[in-house]
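Below: the structure, in C-alpha cells.
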Amino acid sequence: MSQGDTGARSTRGITGFRTGATRFFHGRTLPARTSGDASSVDVELAPEIPTQESQPLLPKLMPIVMVVGVLGSIIWMAKSGGRMSPMMLMFPVMMLASAGTMISTSLGGGNVMQEIARRRQEYLRYLADLDDERQELHKLVRNEEVLRFPHPSRYQGYLNDRYLWSIREDDDSFLCFRVGTGFVSTDDHFVFPELPREEDLEPVSVSALRLFSDTANTIEDMPIVVSLRGFTRCVVSGEKQRSESLFRSMLMTFFLTHHPEDCHVVLACKDPQWPELLKWLPHTVRRSDYELYPFNLLHQTFDLREDLPQQGTTLLITDSEDFLRNYGSYFPHIVAILPEVEHTETGLYLEVADDGIVSVWFHGESCPLGKADELSYATAAAIAWRLAGYTTNDSAVVNGDDEASDEVARTDLFDLIGMGSVENFLPERDWALKVGRDRLRVPIGLDDEGKSVYLDLKESAQGGMGPHGLCIGATGSG
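Residue numbers (the working numbering): 1411 to 1888.
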C-alpha cells in the first residue's frame, strides 16, 4: 500500500469514508463479511406490476349499457307525456350496471390487485430478512473495529488484553490515530441492480428498496482513524476545550496500541499538561534512563543526531507554532495542537467545531468526519500512570517484572477477565466485544510462568477445546 494512498480512514481497510456522495482518502478494503461466506449478496429487483392479457367482455359492454339506459329513460318520458319519472327506469339500469361491475372485477381486475399485493408482501418480507443480515454484519464489523481501536476510556480492560501495544511497525495500522466515530462506507457487500423504468415496478417495493440501499453498505458509530503515513504532520485546531480533549484522546489511543520499541516520542510543548501526561509513558524520549521528566525541545538544547533515537519512528508532539515553523522539517512525523493553522499540501488538518463535530481539511476541502472523541485530563493521567508500570523486554510486554512474558501480568480476577470493577461492568457493552477468537473464551487463572490459562468452549474447528476436550461422552460418543 503506497503512502500517498493512506489518509483518514476507518481501520483495517475501509475504502475511505463517505460524507454524502464523496469519498476521501482511500485506504484498504474492508471485508464484506467478517465470518462465514465472504461472497456478496445480489439484491433482487422490485417486482413488476402484472399486466392483464385480455379484459373480460362485460366491462367493455358497461358503457353501452349506460348509454342505452339514458336513451331508454328519455324515450320512456317522451311516450308517457311526462306523467312518469325517468328514475323508474334509471334505478334498474344502475343496479344492473353495478352488479355487472362487481362481477367483472371478481372475474378479471380483482385477480390483478391480489397478485400485486402478494408480490409486494413477498418482496417486503425478503427485504426484512436482508435487513436482519445487514444489522448482524454491521454489528460484527463494528465490534472488531472497536477492539482494534477502542475509545481510551475503556483502558481498564484494554491494559489486560492481548491488544495492548499490538500494532507494530510493519502493521498497516501503524501511525494511525483514532479521532472519533461516524458513518463509514464499506465495500459493496449488498449489490443492487439498476432500476428500469419505475412506472413498470410496484411503487411501494421500489420505495422500500431505495430506503434499504441507503443504509445497506454504510455502518454507523464506526471508529474514524487518520493515518500519518502519507503526511508529514497532523494538526488539531478549533474550539479550545474540545480540541484539547480530542488531542488527549488521540494520544492515549496511540500509546495504548503502538509498541514503545517502534515509536519514540519527543516533545516541544509550552502547555505543561502535555509533559505532565507524557512523562509517564515508556514511549517518551528522555536524556537518560534516570530522568523522569521528558526531554522538552523547547527548553533544552538538542542535537538531532545525538539526542534523538536513530532506530524506530520518531514522533514529535508540539503545541508551539514557532517551533513547528523553524524545526518541523527535521521530523518525519508530527502531531500538533495549535489555535490557528496554515494549511499545507503535506499536512492533515483536523478542526473541532463548537458542536463537537471534527472535520478534516485536505487539498483545500473540508469534510465532516463525525463526532470527535473526548477524554478528560484526569482519565488521560490515569491511563498514563497505568502505562508507566509496563516495560518492554525484546518483544514481550511485562508489568513491572524483569522476566519476559508474552502477556500482561494480571493480579486479580477482575484484571484477569478485563472487567476493571463490578460497578463499571455493563454486559451489553463488554460482552458485545467478544467476537472471533475471543468468543466463548475466558481466562480462569495463571500458570507457573504467569501466563493466562484459558477455558475455550468453542469447537475444535474454531480453535477451541471442543466438547470432547471438556467432557468425555458429552456428545454421546462415550
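Cβ atoms here follow ideal geometry from the backbone N, Cα and C, with glycine treated the same way. Since the structure is predicted, the reported quantities are computational estimates derived from the model, not experimental observations.
What do you get for R1620, buried or exposed, if any count of 16 or more other CB atoms within 10 angstroms of its CB means buried?
-> exposed
So the beta strand (DSSP E) W1575 belongs to, where does it begin and stop?
-> Careful: W1575 lies outside any beta strand (DSSP E) and carries neither H nor E.
Have a look at S1655 and D1624 and give me their C-alpha separation to the nearest angstrom.
-> 33 angstroms
In whole angstroms, what separates the C-alpha of D1672 from that of D1848?
-> 26 angstroms
Would you kindly report the start and end of the unbroken alpha helix (DSSP H) that includes K1650?
-> K1650 to T1667
Excluding sequence positions up to five away, which residues of its chain have a Cβ less than 6 angstroms from the Cβ of L1638?
-> L1585, C1644 and H1743
DSSP on D1783, reduced to helix/strand/coil?
-> coil
Use the C-beta contact count for L1865: other C-beta atoms within 10 angstroms, 16 or more gives buried, fewer gives exposed.
-> exposed
Report buried or exposed for P1560, applying the criterion of at least 16 other Cβ atoms within 10 angstroms of its Cβ.
-> buried
Can you name the start and end residues of the beta strand (DSSP E) that L1677 belongs to?
-> C1673 to A1678
Hey, out of I1727, W1684, L1758 and M1660, whose CA is closest to D1777's CA?
-> Reading off the sequence, residue 1777 comes out as Cys, not Asp. Taking only the C-alpha atoms, the option nearest C1777 is L1758.
F1641: first and last residue of the uninterrupted beta strand (DSSP E) it sits in = Premise fails: F1641 is in no beta strand (DSSP E) and is neither H nor E.
Would you kindly report the start and end of the unbroken beta strand (DSSP E) that includes T1754?
-> Element bounds for T1754: n/a, residue is neither H nor E.
Between which two residues does the beta strand (DSSP E) harbouring W1771 extend?
-> I1767 to F1772
Relative to the alpha-carbon of E1775, which residue among E1761, T1663 and Q1872 has its alpha-carbon at the smallest distance?
-> E1761
Round the Cβ separation of F1587 and T1663 to the nearest angstrom and send it over; I've been treating them as touching at under 8 angstroms.
-> 7 angstroms
Any chance you could list the beta strand (DSSP E) runs of at least 3 consecutive residues sitting entirely within the region 1583-1608, in chain order?
-> 1586-1595
Could you say which of E1525, V1770, W1690 and G1766 lies nearest to L1785 if we only look at CA atoms?
-> G1766
Out of V1852, L1540 and E1869, which has the shortest C-alpha to C-alpha gap to S1862?
-> V1852
For D1541, three-class secondary structure by DSSP = helix
Euclidean distance between Cα positions of Y1787 and R1658 = 7 angstroms
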